[in-house]
Amino acid sequence: MPLYFCPEFVADLQNHGDANFAKRVLQKVVDGSELRPDSKDHRYEGFPGAWIRYVSRGNSAYRVIYIRRGSDVFLYRAGEHSVEDRLTQPGELVGLPVQGYTAPTAATTSEPDYWPNQLWAAAPRPQPSGSPFLKNFSVRYLKTALLSRRLVPHKRVTLISPYLSVELFEMSNIFGKMLFDLIGDGAEVALITKPPNPKEIGVFERLEQRNVQLHFHETLHAKIFLFEIDQRRTRAHDEPIAIVGSANLTQSGLAFAVRSNEEFCYELRGSEIREVKEFAAYLKLSCVDLQYIRLANARRRVT
Numbered sequence: 026m027p028l029y030f031c032p033e034f035v036a037d038l039q040n041h042g043d044a045n046f047a048k049r050v051l052q053k054v055v056d057g058s059e060l061r062p063d064s065k066d067h068r069y070e071g072f073p074g075a076w077i078r079y080v081s082r083g084n085s086a087y088r089v090i091y092i093r094r095g096s097d098v099f100l101y102r103a104g105e106h107s108v109e110d111r112l113t114q115p116g117e118l119v120g121l122p123v124q125g126y127t128a129p130t131a132a133t134t135s136e137p138d139y140w141p142n143q144l145w146a147a148a149p150r151p152q153p154s155g156s157p158f159l160k161n162f163s164v165r166y167l168k169t170a171l172l173s174r175r176l177v178p179h180k181r182v183t184l185i186s187p188y189l190s191v192e193l194f195e196m197s198n199i200f201g202k203m204l205f206d207l208i209g210d211g212a213e214v215a216l217i218t219k220p221p222n223p224k225e226i227g228v229f230e231r232l233e234q235r236n237v238q239l240h241f242h243e244t245l246h247a248k249i250f251l252f253e254i255d256q257r258r259t260r261a262h263d264e265p266i267a268i269v270g271s272a273n274l275t276q277s278g279l280a281f282a283v284r285s286n287e288e289f290c291y292e293l294r295g296s297e298i299r300e301v302k303e304f305a306a307y308l309k310l311s312c313v314d315l316q317y318i319r320l321a322n323a324r325r326r327v328t
């Protein structure tokens with residue numbers, strides 16, 4: 026019965042305030058590369074195939090939500106009882122395969138954040154595929170390709186999309202968490218999109234406060250996700266990529282919504298991304314910044 030760590034599950038382990046949370050969860054649910062048996066598991070009624078595993082009782086009441094899809098088991102979420110209340114049904118399930126997971130020795134557990142960091146470190150790195158095409162509902166999955174970039178040291182990430190879902194950029198969203206983790210790791214993250222209306226200014230001000238570089242282009246229609254690696258920290262299997270296609274930076278475009286779009290994208294690798302970088306630089310030259318948008322809105326109010 027193959028076992029997978031969903032990105033949402035790994036984020037729950039990373040973000041929890043209890044330094045021992047990840048250790049307790051993994052010891053309770055993982056046995057080698059399979060789900061550890063527990064007769065007390067019961068169904069979660071929120072959506073089909075979901076089950077609840079209790080990790081602890083009493084004040085903490087930690088639990089794990091996992092999902093069965095045929096013979097596969099996806100560890101989806103982990104947390105206190107409140108994790109059930111904010112649970113949303115995933116679109117297409119994606120996950121990192123668990124391959125012979127082994128608990129660390131006593132000598133290695135002194136580091137408080139050992140467990141969640143080890144999950145990412147042990148995860149399989151993105152590898153070149155025979156197909157360069159990415160979709161939402163069949164292999165290769167667009168969402169998987171994007172989220173896997175958290176495993177790679179980046180110098181610059183440029184996201185180009187005329188339409189956005191604000192929810193994607195929240196820290197509570199696995200995609201938003203990935204972006205701000207990359208910024209924390211030293212990457213520059215730039216967003217090129219259409220100018221916002223006055224009611225949307227606050228959203229972009231919050232992104233600017235989190236060090237996202239903002240560029241606005243009135244006639245933008247391109248959708249490009251460009252990931253440039255940090256050569257100083259790169260490894261042999263790391264390479265830059267650019268994803269070009271139909272998907273916007275929206276919940277439905279990236280398959281974070283229950284009812285997501287049919288998208289078709291193409292992944293460029295290595296030296297193939299040169300023209301994409303040139304196009305991104307060209308767009309930035311004809312963009313305006315957030316201060317320009319503020320001044321333009323102020324002039325409209327005056328007149």
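Here our numbering is used: the first residue of the sequence shown is 26, the next is one more, and so on.
Using N, Cα and C, we set each Cβ at its ideal position, and we do this for glycine too.
Cut-off 6 Å between Cβ atoms - residues of its own chain near residue i, not counting five sequence neighbours on either side
i	result
A170	L159
P258	Residue identity check: residue 258 is Arg in the sequence provided, not Pro. Closer than 6 Å at Cβ, skipping near neighbours: P178.
I268	F250, C290 and E292
D66	W76 and R78
I92	G74, A75, F99 and Y101
G42	none
T134	A caution first: T134 carries a pLDDT of 40, below 50, which makes its placement in the model too unreliable to give a value.
I298	P265 and A267
V313	F241
Sub-8 Å separation of residue i and residue j beta-carbons
i	j	result
F34	Y101	yes
E288	G278	yes
A305	T183	yes
F205	L315	no
R61	S81	no
F99	Y29	yes
S190	L274	yes
E109	Y87	no
E264	R294	yes
I185	R319	no
K219	E195	no
L121	A272	no
A103	D37	yes
K302	H240	no
V89	V123	no
Cβ distance (whole Å) where residue i is taken to contact residue j below 8 Å
i	j	result
P157	E292	5 Å
L245	I217	7 Å
A280	N161	4 Å
L172	P27	With a Cβ gap of about 19 Å, L172 and P27 do not count as contacting.
Unbroken alpha helix (DSSP H) run spanning residue i, endpoints
i	result
V98	That residue, V98, is in no alpha helix (DSSP H); its beta strand (DSSP E) goes D97 to G104.
Y307	R299 to L310
L171	L167 to L172
A75	Run containing A75: none in the alpha helix (DSSP H); it sits in the beta strand (DSSP E), A75 to Y79.
Y29	Per DSSP, Y29 belongs to no alpha helix (DSSP H); it is in the beta strand (DSSP E), L28 to F30.
E287	First-last for E287: undefined, no H or E at that position.
D314	It is not in any alpha helix (DSSP H) - D314 carries neither H nor E in the DSSP assignment.
S163	Careful: S163 lies outside any alpha helix (DSSP H) and carries neither H nor E.
S107	S107 to D110
8 Å Cβ shell around residue i - same chain, five flanking residues per side excluded
i	result
P223	N322
L207	R174, R175, H179, V182 and V214
Q238	E213, V214, A215 and L216
D255	P178, H179, K180, G211 and A212
R324	none
L232	F194, L216 and L239
R68	A75, W76 and I77
Limits of the beta strand (DSSP E) - the one that residue i falls within
i	result
K160	F158 to K160
A267	I266 to G270
R93	R88 to R94
L274	No beta strand (DSSP E) holds L274; DSSP gives it neither H nor E.
L251	I249 to I254
Same chain, Cβ closer than 7 Å to residue i, neighbours up to 5 away in sequence not counted
i	result
S311	H242
N236	I208
D97	P27 and Y29
D63	R78
K202	A36 and M196
Q276	S190, E192, L193 and A282
Short CB-CB distance (under 8 Å) between residue i and chain B
i	result
F289	Although the question refers to chain B, the structure presented lacks it and comprises just one protein chain.
Subject >> alpha helix (DSSP H) runs contained entirely in the region 177-245, provided each spans 4 or more residues >> reply: 199-209 and 226-234
Subject >> Whole runs of the alpha helix (DSSP H) within the region 51-75, excluding any shorter than 4 residues >> reply: none
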